[in-house]
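In our numbering, the protein residues as written are 88 to 284.
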């Protein structure tokens, strides 16, 4: 009986450790997906979008704190937020994603995307913050922050780094980067194919 009890206790401890590792793996997988999603979104912006602006040989954004800055590119001035909050819940067989951020004027807005099992995705954007009843008890919250670095690793390029962290559960975070070259803007004085701005 003693040998059997010791064996069962060892098996129970192993199962608990495996379950904890599985949950951590699920969170890291979601963080990776959210980082890739944001990198893809930033990579699709036109080269002259204020969301890709950074001072020459400088940085815009912050990976450790919420940061927003006013950026002017050509004649376009926008307040750019370098962070958002993503809340994910799985209810009624669909996965709902609520992204809280700001619009180009700096005003709060949120977007609800619903991913159904049949592959359909619907999305709606609303002004303000999500109402309290919108977030269910099964919701997990992630914070995304990104950094735009000018002329890194080469001149006329932007290194975009996104960090995603699960809020309130574990300090682990996922971080990923891409490098994007900028195309010249023919409307900006002094810009040429050989020396894009």
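Think of the CB as a built atom: it goes at the ideal place given N, C-alpha and C, for glycine as much as any other residue.
Assign residue 253 to one of three DSSP states: helix, strand, or coil. Residue numbering aside, residue 253 sits at position 166 when the chain shown is read from its first letter. Annotated three-state conformation of residue 253 is strand, per DSSP.
Residue 116 and residue 263 closer than 8 angstroms at C-beta: Stepping through the chain shown from its first residue, residue 116 is reached at position 29. Stepping through the chain shown from its first residue, residue 263 is reached at position 176. Cβ distance not < 8 angstroms, so residue 116 and residue 263 don't count as in contact.
Measuring alpha carbon to alpha carbon, tell me which of 254, 242 and 196 ends up nearest residue 287. Given a span of 88 to 284 for the chain in the structure shown, any question on residue 287 remains unanswerable.
Selection from 103, 152 and 130 that minimises the alpha carbon distance to residue 250: For the purposes of this step, residue 250 is identified with residue 163 of the chain shown, where counting begins at 1. Closest option to residue 250, Cα to Cα, is 152.
Do residue 142 and residue 165 have their C-beta atoms closer together than 8 angstroms? In the chain shown, residue 142 corresponds to position 55, counting from 1. In the chain shown, residue 165 corresponds to position 78, counting from 1. With contacts defined as CB atoms closer than 8 angstroms, residue 142 and residue 165 fail to qualify as a contacting pair.
Taking the C-alpha atoms as reference points, what is the distance between residue 212 and residue 183? Stepping through the chain shown from its first residue, residue 212 is reached at position 125. Stepping through the chain shown from its first residue, residue 183 is reached at position 96. Those two C-alpha atoms are separated by around 13 angstroms.
State yes or no: is the C-beta of residue 192 within less than 8 angstroms of the C-beta of residue 172? Here residue 192 refers to the residue found at position 105 when the chain shown is read from its first residue. Here residue 172 refers to the residue found at position 85 when the chain shown is read from its first residue. Against a cut-off of 8 angstroms, the Cβ pair of residue 172 and residue 192 comes out as no contact.
Identify which residue in 174, 96, 91 and 204 has its Cα closest to the Cα of residue 224. For the purposes of this step, residue 224 is identified with residue 137 of the chain shown, where counting begins at 1. Closest by alpha carbon: 174.
Do three or more CB pairs link the stretch 201 to 218 to the stretch 228 to 236 at distances below 8 angstroms? In the pairwise beta carbon analysis, the stretch 201 to 218 is classified as not touching the stretch 228 to 236: fewer than three pairs are separated by under 8 angstroms.
Could you say which of 204, 91, 131 and 196 lies nearest to residue 170 if we only look at CA atoms? By 1-based counting over the chain shown, the position of residue 170 is 83. Of 204, 91, 131 and 196, the smallest CA-CA separation from residue 170 is found for 196.
How should residue 248 be labelled, buried or exposed, when 16 other C-beta atoms within 10 angstroms of its C-beta is the threshold for buried? What you label residue 248 is simply residue 161 of the chain shown in a count that begins at 1. Its Cβ being crowded by 16 or more others within 10 Å, residue 248 is buried.
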